[in-house]
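**Student:** The structure that follows is given in the form of C-alpha coordinates.
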Amino acid sequence: MMLKILKAIFNAGPPNQPISADVKNRLRFDSIHSDKQPNSLKDIYGRLIGNDESLSDEEIIERYQKFSNGIQTNSFSAAELELVSISTLCYFRPQLTSLLIRASLLSIIYSIGDNITFEDVIAFLQQRVLAETVEPYGGRPHDQGLTWLLDILPASKNEITPILIDVIKINKEELDAI
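144 is the number that our numbering gives to position 154 of the sequence shown; each next residue is one higher, with no gaps.
What follows is the structure in C-alpha coordinates.
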(Lines of atoms letter the chains of each structure in order from A and count residues from 1; the text may use other names and numbers.)
(Lines give C-alpha, C1' and ligand atoms only; values in the text may rest on other atoms or scores of the structure.)
Protein backbone atom coordinates (compact mmCIF):
# COMPACT_ATOMS: atom_id res chain seq x y z
CA MET A 1 0.00 0.00 0.00
CA MET A 2 2.78 2.43 0.89
CA LEU A 3 4.35 1.81 -2.54
CA LYS A 4 1.08 2.86 -4.21
CA ILE A 5 0.97 6.03 -2.13
CA LEU A 6 4.59 6.89 -2.97
CA LYS A 7 3.94 6.20 -6.65
CA ALA A 8 0.95 8.57 -6.50
CA ILE A 9 3.19 11.28 -5.04
CA PHE A 10 5.53 11.10 -7.99
CA ASN A 11 2.79 10.70 -10.60
CA ALA A 12 0.46 13.42 -9.29
CA GLY A 13 1.19 15.87 -12.11
CA PRO A 14 0.73 15.63 -15.85
CA PRO A 15 3.02 13.07 -17.53
CA ASN A 16 6.63 14.28 -17.88
CA GLN A 17 5.83 17.40 -15.86
CA PRO A 18 7.27 17.91 -12.39
CA ILE A 19 4.78 18.48 -9.62
CA SER A 20 5.23 21.40 -7.28
CA ALA A 21 7.01 20.89 -3.98
CA ASP A 22 3.85 22.10 -2.23
CA VAL A 23 1.72 19.34 -3.81
CA LYS A 24 4.41 16.74 -3.18
CA ASN A 25 4.72 17.81 0.46
CA ARG A 26 0.95 17.70 1.00
CA LEU A 27 0.81 14.22 -0.52
CA ARG A 28 3.66 13.10 1.74
CA PHE A 29 1.77 14.39 4.80
CA ASP A 30 -1.36 12.54 3.66
CA SER A 31 0.57 9.31 3.10
CA ILE A 32 2.22 9.43 6.54
CA HIS A 33 -1.14 10.07 8.17
CA SER A 34 -3.07 7.65 5.98
CA ASP A 35 -5.57 5.45 7.77
CA LYS A 36 -3.57 2.53 6.34
CA GLN A 37 -0.67 3.43 8.65
CA PRO A 38 -0.50 2.14 12.20
CA ASN A 39 -1.34 4.78 14.79
CA SER A 40 -2.68 7.13 12.12
CA LEU A 41 -3.88 10.60 13.06
CA LYS A 42 -6.03 10.94 9.93
CA ASP A 43 -9.38 10.39 11.65
CA ILE A 44 -8.40 12.77 14.48
CA TYR A 45 -7.57 15.48 11.92
CA GLY A 46 -10.87 14.82 10.14
CA ARG A 47 -12.84 15.03 13.35
CA LEU A 48 -11.11 18.29 14.33
CA ILE A 49 -11.67 19.86 10.93
CA GLY A 50 -15.27 18.65 11.00
CA ASN A 51 -15.82 20.23 14.43
CA ASP A 52 -16.66 16.90 16.10
CA GLU A 53 -17.58 18.03 19.62
CA SER A 54 -17.38 14.47 20.96
CA LEU A 55 -13.60 14.36 20.40
CA SER A 56 -11.95 14.70 23.81
CA ASP A 57 -8.56 16.16 24.62
CA GLU A 58 -7.67 12.82 26.21
CA GLU A 59 -8.40 10.96 22.96
CA ILE A 60 -6.22 13.39 21.00
CA ILE A 61 -3.35 13.05 23.49
CA GLU A 62 -3.58 9.25 23.56
CA ARG A 63 -3.63 8.93 19.76
CA TYR A 64 -0.82 11.45 19.31
CA GLN A 65 1.38 9.70 21.88
CA LYS A 66 0.90 6.36 20.11
CA PHE A 67 1.83 8.03 16.82
CA SER A 68 4.82 9.86 18.31
CA ASN A 69 6.15 6.77 20.08
CA GLY A 70 6.17 4.95 16.75
CA ILE A 71 8.40 7.45 14.95
CA GLN A 72 11.58 5.70 13.89
CA THR A 73 13.93 8.03 12.06
CA ASN A 74 16.84 10.39 12.65
CA SER A 75 16.34 13.31 15.00
CA PHE A 76 16.12 16.00 12.28
CA SER A 77 13.38 14.10 10.46
CA ALA A 78 11.64 13.25 13.72
CA ALA A 79 11.56 16.94 14.65
CA GLU A 80 10.09 17.84 11.26
CA LEU A 81 7.48 15.08 11.51
CA GLU A 82 6.57 15.98 15.09
CA LEU A 83 6.07 19.66 14.20
CA VAL A 84 3.85 19.06 11.19
CA SER A 85 1.91 16.36 13.03
CA ILE A 86 1.04 18.51 16.04
CA SER A 87 0.32 21.67 14.04
CA THR A 88 -3.28 20.83 13.15
CA LEU A 89 -3.91 19.42 16.63
CA CYS A 90 -2.57 22.59 18.28
CA TYR A 91 -4.51 24.85 15.92
CA PHE A 92 -7.81 23.31 17.00
CA ARG A 93 -6.84 22.58 20.61
CA PRO A 94 -4.40 25.30 21.70
CA GLN A 95 -4.73 24.18 25.33
CA LEU A 96 -2.82 21.01 24.35
CA THR A 97 0.16 22.83 22.86
CA SER A 98 2.25 22.79 26.04
CA LEU A 99 2.00 19.00 26.17
CA LEU A 100 2.11 18.15 22.47
CA ILE A 101 5.11 20.35 21.60
CA ARG A 102 7.47 18.63 24.04
CA ALA A 103 8.46 15.78 21.69
CA SER A 104 9.11 18.27 18.87
CA LEU A 105 11.35 20.35 21.12
CA LEU A 106 13.20 17.28 22.36
CA SER A 107 13.84 16.13 18.77
CA ILE A 108 15.19 19.58 17.91
CA ILE A 109 17.45 19.41 20.99
CA TYR A 110 18.67 15.98 19.83
CA SER A 111 19.32 17.51 16.39
CA ILE A 112 21.14 20.75 17.20
CA GLY A 113 22.04 20.56 20.89
CA ASP A 114 20.63 21.85 24.14
CA ASN A 115 22.08 25.35 24.02
CA ILE A 116 19.09 26.65 22.06
CA THR A 117 16.49 29.37 22.36
CA PHE A 118 12.98 29.87 21.09
CA GLU A 119 14.48 31.75 18.14
CA ASP A 120 16.55 28.65 17.25
CA VAL A 121 13.36 26.58 17.27
CA ILE A 122 11.68 29.03 14.89
CA ALA A 123 14.78 29.09 12.66
CA PHE A 124 14.70 25.27 12.56
CA LEU A 125 11.03 25.40 11.62
CA GLN A 126 11.58 27.99 8.89
CA GLN A 127 14.63 26.28 7.40
CA ARG A 128 13.61 22.62 7.65
CA VAL A 129 9.82 22.68 7.38
CA LEU A 130 8.49 25.90 5.88
CA ALA A 131 11.08 26.96 3.30
CA GLU A 132 9.74 26.54 -0.22
CA THR A 133 12.84 24.65 -1.32
CA VAL A 134 12.69 21.91 1.33
CA GLU A 135 10.79 18.66 1.47
CA PRO A 136 10.23 18.08 5.19
CA TYR A 137 10.00 14.47 6.29
CA GLY A 138 6.46 14.97 7.49
CA GLY A 139 5.32 16.86 4.41
CA ARG A 140 2.99 19.85 4.73
CA PRO A 141 0.00 19.78 7.07
CA HIS A 142 -3.55 20.92 6.43
CA ASP A 143 -4.17 24.65 6.01
CA GLN A 144 -4.98 25.02 9.70
CA GLY A 145 -1.69 23.37 10.60
CA LEU A 146 0.17 25.74 8.29
CA THR A 147 -1.52 28.68 10.00
CA TRP A 148 -0.31 27.36 13.35
CA LEU A 149 3.25 26.88 12.06
CA LEU A 150 3.44 30.21 10.23
CA ASP A 151 1.56 32.52 12.59
CA ILE A 152 0.57 31.07 15.94
CA LEU A 153 3.74 29.24 17.01
CA PRO A 154 6.11 32.12 16.15
CA ALA A 155 3.86 34.46 18.18
CA SER A 156 3.97 32.13 21.20
CA LYS A 157 7.44 32.89 22.55
CA ASN A 158 6.23 33.63 26.09
CA GLU A 159 4.33 30.34 26.26
CA ILE A 160 6.90 28.09 24.54
CA THR A 161 10.15 29.36 26.09
CA PRO A 162 9.43 27.96 29.60
CA ILE A 163 8.49 24.61 28.04
CA LEU A 164 11.72 24.58 26.04
CA ILE A 165 13.73 25.36 29.19
CA ASP A 166 11.96 22.52 31.02
CA VAL A 167 12.56 20.03 28.19
CA ILE A 168 16.26 20.99 28.12
CA LYS A 169 16.47 20.57 31.91
CA ILE A 170 14.80 17.14 31.86
CA ASN A 171 17.03 16.01 28.98
CA LYS A 172 20.18 17.10 30.86
CA GLU A 173 19.02 15.33 34.01
CA GLU A 174 18.40 12.13 32.06
CA LEU A 175 21.85 12.36 30.46
CA ASP A 176 23.49 13.00 33.82
CA ALA A 177 21.79 9.92 35.24
CA ILE A 178 23.39 7.67 32.63
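The beta carbon of each residue, even a glycine, is placed where N, CA and C say it ideally should be. Every value quoted in this text rests on a predicted model; they were computed, and no experiment measured them.
Could you tell me whether the segment 87 to 101 touches the segment 140 to 153, using the rule of 3 or more Cβ pairs below 8 Å?
**Tutor:** yes
**Student:** Are the CB atoms of Ser77 and Trp138 within a distance shorter than 7 Å?
**Tutor:** In this structure, Ser77 lies closer than 7 Å to Trp138 by Cβ.
**Student:** CB-CB under 6 Å to Gln134, same chain, minus the five flanking residues each way: which ones, in chain order?
**Tutor:** Closer than 6 Å at Cβ, skipping near neighbours: Thr78, Tyr81.
**Student:** Do Asn161 and Ile99 come within 7 Å of each other at the CB atom, strictly closer than that value?
**Tutor:** yes
**Student:** Given that a residue counts as buried once 16 or more other Cβ atoms are within 10 Å of its Cβ, and exposed if not, what is Glu163?
**Tutor:** exposed
**Student:** Taking contact to mean 3 or more Cβ pairs, one atom from each stretch, closer than 8 Å, check whether the segment 45 to 57 and the segment 116 to 130 are in contact.
**Tutor:** no
**Student:** Give every residue of the same chain whose Cβ lies closer than 7 Å to the Cβ of Ser146, excluding the five residues on either side of it in the sequence, and list them in chain order.
**Tutor:** Once the five neighbours on either side are set aside, Ser146 has no close Cβ partner at all.
**Student:** Can you tell me which of Val111, Glu122, Phe66 puts its alpha carbon nearest to the alpha carbon of Ile158?
**Tutor:** If we check each option's Cα against that of Ile158, Val111 comes out closest.
**Student:** Helix, strand or coil for Ile51? Go by DSSP, reduced to three states.
**Tutor:** Taken through DSSP and simplified to helix, strand or coil, Ile51 comes out as helix.
**Student:** For Pro126, count the other beta carbons within 10 Å of its own beta carbon; 16 or more makes it buried, fewer makes it exposed. Which is it?
**Tutor:** buried
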